[in-house]
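J.: Taken in order, these protein sequences are the chains called P and Y.
Quick note on our numbering: the first sequence kicks off at 4 and runs consecutively.
Quick note on our numbering: the second sequence kicks off at 4 and runs consecutively.
All residues carry an ideal CB built from backbone N, CA and C; glycine is no exception.
Protein chains: 2
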Amino acid sequence: MNVLIVYAHPEEKSFNAAMKNIAQKVLESQGHQVQISDLYKMNFKAVADRSDFLGVLDSDFFNYIKEQFHASKTQTFAKDIEDEQNKIRWADFILFQFPLWWTDAPAILKGWFDRVFAYKFAYGPGRYEEGLLKGKKAMLSITTGGGPEEYGEDARKGPIMERLFSIHHEKLFYCGMDVLTPFVAWGPQGKTPEERERLLCDYAKRMEELESIPLLRLSLVSKK
Amino acid sequence: MNVLIVYAHPEEKSFNAAMKNIAQKVLESQGHQVQISDLYKMNFKAVADRSDFLGVLDSDFFNYIKEQFHASKTQTFAKDIEDEQNKIRWADFILFQFPLWWTDAPAILKGWFDRVFAYKFAYGPGRYEEGLLKGKKAMLSITTGGGPEEYGEDARKGPIMERLFSIHHEKLFYCGMDVLTPFVAWGPQGKTPEERERLLCDYAKRMEELESIPLLRLSLVSKK
Chain P
4 MNVLIVYAHP EEKSFNAAMK NIAQKVLESQ GHQVQISDLY KMNFKAVADR SDFLGVLDSD
64 FFNYIKEQFH ASKTQTFAKD IEDEQNKIRW ADFILFQFPL WWTDAPAILK GWFDRVFAYK
124 FAYGPGRYEE GLLKGKKAML SITTGGGPEE YGEDARKGPI MERLFSIHHE KLFYCGMDVL
184 TPFVAWGPQG KTPEERERLL CDYAKRMEEL ESIPLLRLSL VSKK
Chain Y
4 MNVLIVYAHP EEKSFNAAMK NIAQKVLESQ GHQVQISDLY KMNFKAVADR SDFLGVLDSD
64 FFNYIKEQFH ASKTQTFAKD IEDEQNKIRW ADFILFQFPL WWTDAPAILK GWFDRVFAYK
124 FAYGPGRYEE GLLKGKKAML SITTGGGPEE YGEDARKGPI MERLFSIHHE KLFYCGMDVL
184 TPFVAWGPQG KTPEERERLL CDYAKRMEEL ESIPLLRLSL VSKK
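1) Here's the rule: buried if 16 or more other CB atoms are within 10 angstroms of the residue's CB, otherwise exposed. What is Ser225 of chain P?
2) Taking a cut of 7 Å between CB atoms, which residues from the region 80 to 113 of chain Y lie near chain P?
3) If you run the structure through DSSP and keep just helix, strand and coil, what is Trp104 of chain P?
4) Taking Gly190 of chain Y and Gly129 of chain Y to be in contact with their CB atoms under 8 Å, please state how far apart those CB atoms are, rounded to whole angstroms.
5) Does the Cβ-Cβ distance between Met210 of chain P and Leu183 of chain P come in under 7 Å?
6) Residues in its own chain within less than 8 Å of Ser169 of chain P by CB, not counting five upstream and five downstream?
7) Considering Cα atoms alone, identify which of Y:Glu165, Y:Glu132, Y:Gly155 and Y:Val187 is closest to Ala207 of chain Y.
8) Near Gln27 of chain P, which residues of its chain fall below 8 Å by C-beta distance, leaving aside the five closest residues on each side in sequence?
9) Going along the chain, which residues of its own chain have a beta-carbon closer than 7 Å to the beta-carbon of Phe65 of chain P, five neighbours each way excluded?
10) Starting from the C-beta of Met4 of chain P, find all residues in its chain whose C-beta is less than 7 Å away, skip the five residues before and the five after it, and write them out in chain order.
11) Can you grab the Cα-Cα spacing for the pair Asp117 of chain P / Lys48 of chain P, in whole Å?
12) I want to see whether chain Y comes within less than 7 Å of Ala49 of chain P, judged by CB atoms only; does it?
13) Does any residue of chain P bring its CB to less than 7 Å from the CB of Pro13 of chain Y?
14) Thinking just about the alpha-carbon of each residue, which of P:Leu213, P:Gln192 and P:Glu198 is nearest to the one in Lys16 of chain P?
15) From the DSSP secondary-structure annotation, give me the bridge partner or partners of Thr146 of chain Y.
16) Classify Gln71 of chain Y as buried or exposed, calling it buried when 16 or more other Cβ atoms lie within 10 Å of its own Cβ.
17) Where does Phe96 of chain Y sit, in a helix, a strand or coil, going by DSSP?
18) For Ala141 of chain P, write down the residues that DSSP places opposite it in a beta bridge.
19) Mind pulling the chain Y residues with CB within less than 7 Å of Asp122 of chain P?
20) Using the beta-carbon of each residue, which ones in chain Y are nearer than 8 Å to Ser169 of chain P?
21) Among the candidates P:Phe56, P:Asp63, P:Ala21 and P:Glu14, whose CA atom is the shortest distance from the CA of Lys44 of chain P?
22) At 7 Å on the CB atoms, spell out the chain Y contacts of Leu65 of chain P, in chain order.
23) Taking the alpha carbon of Ala121 of chain P as the reference point, which residue from P:Leu98, P:Gln88, P:Pro109 and P:Asp157 has its own alpha carbon closest?
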């Protein structure tokens, strides 16, 4: 299987980096091919703007989606976008590794979706079951600041799955991907070195059993 | 009242720009002071990294929140962050104008939160009712691609208020702000010029009646 790991953390000694490294190690030891988009190391451009296109459809009025449509037809995406799209074309499985900042992806990863998941490349006109990345799988692997007690029906932040809906349902499934149950590393910063080690072992085990991770049921509406 | 408009759209002839302009016009005509952070025009840096700090607490291990804490104590934030924080200190009311991209803020605005809403500036240790921006008001003014039929209990994207929870509850209210009912301009791109004009009039009226816009009830958990 071809695996793309999209990784968004600025510190290479971080727990997120350790998770990225262990996933790569386990997956390669199982014979999978792994590529990594290390967004911070690549100095990935987060902001969607005119320079994302080599050609221009309408120089008088900049409409990002219309320019994406044009670039898809004429193959005139900026090189960094095209490179990411080629990795996605190659990948059977995309694994996202990032810390939850403000209950959401860091801006560098949000920008990756804004720029790379382009109209007529990732979706359009087909969406959801007919999204253009149909047949590919995706999974989130995240770290949180707080513990699970902060997330839940009666907790202030609400259930973690609701916080991840915008990525699971409205980005990955929107483009037709099958989404696996996420791996959530709760508050690694507040743990002891032994606890962190155990968490990494749990994650390695999850990666070893990748084929048996259940898919999320994202077929209908937000509540399903 | 001092009003900061944080505006995130790359096209100055866009509907978002028109909304930003009309809000400024109405608010100034009522005697309010208005400042605008036009994130695209400012070429605002979206990605949180080491260069956000003039000093450094730990050069061996980069922990963004710990560096924010240090920068708050020593006043060593990068100038663009300090400038935004000063605008927030000055403001009684912050109005956010942006298009919903992937049911979320564009990366340039997500990065504004990542970088500007720093630990010990916007929150910490107090959060929610005790957040450090307590006493200030905030409101989202957004445009969508689709219509309201795409958002709702039985619609695929789920209720719009759930999609906005991550900003309303987990960024604005998290930092202690009172959050006003948002203004949602549904799918302006699919509308006729007359309909768009009417939508702008509705928005102008909303701005005229700012004092009477109800606050969201964000006091407890995600469902409230």
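T.: Quick answer:
1) Residue mapping note: residue 225 of chain P aligns to position 222 of the first sequence, counting from 1. For Ser225 of chain P, the pLDDT reaches just 43, beneath the cut-off of 50, and the residue's location in the model is therefore unreliable, leaving the point undetermined.
2) When C-beta distances to chain P are compared with 7 Å, the residues of the region 80 to 113 of chain Y below that value are Trp104, Trp105, Thr106, Asp107, Pro109, Ala110, Ile111 and Lys113, in chain order.
3) Residue numbering aside, residue 104 of chain P sits at position 101 when the first sequence is read from its first letter. Trp104 of chain P: strand per DSSP, three-state reduction.
4) If you number the second sequence from 1, residue 190 of chain Y lands on position 187. If you number the second sequence from 1, residue 129 of chain Y lands on position 126. Cβ-Cβ separation between Gly190 of chain Y and Gly129 of chain Y: approximately 39 Å, too far for a contact (criterion under 8 Å).
5) Residue numbering aside, residue 210 of chain P sits at position 207 when the first sequence is read from its first letter. Residue numbering aside, residue 183 of chain P sits at position 180 when the first sequence is read from its first letter. Contact check for Met210 of chain P against Leu183 of chain P fails: the beta carbons are separated by 7 Å or more.
6) As a working note, residue 169 of chain P is residue 166 in the first sequence. Counting only residues of its own chain and dropping the five nearest sequence neighbours on each side, Ser169 of chain P has a CB closer than 8 Å to the CB of Asp107.
7) As a working mapping, residue 207 of chain Y is identified with position 204 in the second sequence. Ranked by how close their Cα comes to the Cα of Ala207 of chain Y, the residues Y:Glu165, Y:Glu132, Y:Gly155 and Y:Val187 have Y:Val187 in first place.
8) Indexing the first sequence from 1 puts residue 27 of chain P at position 24. Excluding sequence neighbours, Gln27 of chain P sits near Ile8, Val37 and Ile39.
9) Sequence index remark: in the first sequence, residue 65 of chain P carries index 62 (1-based). Sequence-distant Cβ neighbours of Phe65 of chain P in its own chain, meaning closer than 7 Å and more than five residues away, are Arg53.
10) Your numbering for residue 4 of chain P matches position 1 in the first sequence. Only residues of its own chain outside the window of five on either side were considered, and among them His35, Asp95 and Phe96 have a CB closer than 7 Å to the CB of Met4 of chain P, listed in chain order.
11) Here residue 117 of chain P corresponds to residue number 114 of the first sequence, with the count starting at 1. Here residue 48 of chain P corresponds to residue number 45 of the first sequence, with the count starting at 1. Asp117 of chain P and Lys48 of chain P have their C-alpha atoms spaced approximately 11 Å apart.
12) Here residue 49 of chain P refers to the residue found at position 46 of the first sequence. For Ala49 of chain P, the nearest CB of chain Y lies under 7 Å from its own CB, placing it at the interface with that chain.
13) In the second sequence, counting from the first residue as 1, residue 13 of chain Y sits at position 10. Chain P, which has a Cβ nearer than 7 Å to the Cβ of Pro13 of chain Y, makes this yes.
14) Here residue 16 of chain P refers to the residue found at position 13 of the first sequence. When each option's Cα is compared against that of Lys16 of chain P, the closest is P:Gln192.
15) Along the second sequence, one-based indexing puts residue 146 of chain Y at 143. Beta-bridge partners of Thr146 of chain Y (DSSP): Y:Pro102 and Y:Ala188.
16) Position 68 of the second sequence holds residue 71 of chain Y. If you draw a 10 Å sphere on the C-beta of Gln71 of chain Y, you find 16 or more other C-beta atoms in it, and that means buried.
17) Counting from one through the second sequence, the residue named residue 96 of chain Y turns up at place 93. Reduced to three states, the DSSP call for Phe96 of chain Y is strand.
18) Here the question's residue 141 of chain P lines up with position 138 in the first sequence. Bridge partners of Ala141 of chain P: P:Ile97 and P:Val182.
19) Reading the first sequence from its first residue, position 119 is the one you call residue 122 of chain P. What sits at residue 122 of chain P in the sequence shown is Tyr, not Asp. Those do not exist, as Tyr122 of chain P stays about 10 Å from chain Y at its closest Cβ, beyond 7 Å.
20) Your numbering for residue 169 of chain P matches position 166 in the first sequence. Chain Y residues near Ser169 of chain P: Trp105, Thr106, Asp107, Arg166 and Ser169.
21) If you number the first sequence from 1, residue 44 of chain P lands on position 41. When only C-alpha atoms are compared, the closest one is P:Glu14.
22) Numbered from its first residue, the first sequence carries residue 65 of chain P at position 62. The question names Leu, yet the displayed sequence has Phe at residue 65 of chain P. Per Cβ cutoff of 7 Å: Pro13 and Glu14.
23) Here residue 121 of chain P is taken as the residue at index 118 of the first sequence, counted from 1. Ranking the options by Cα distance to Ala121 of chain P, first place goes to P:Gln88.
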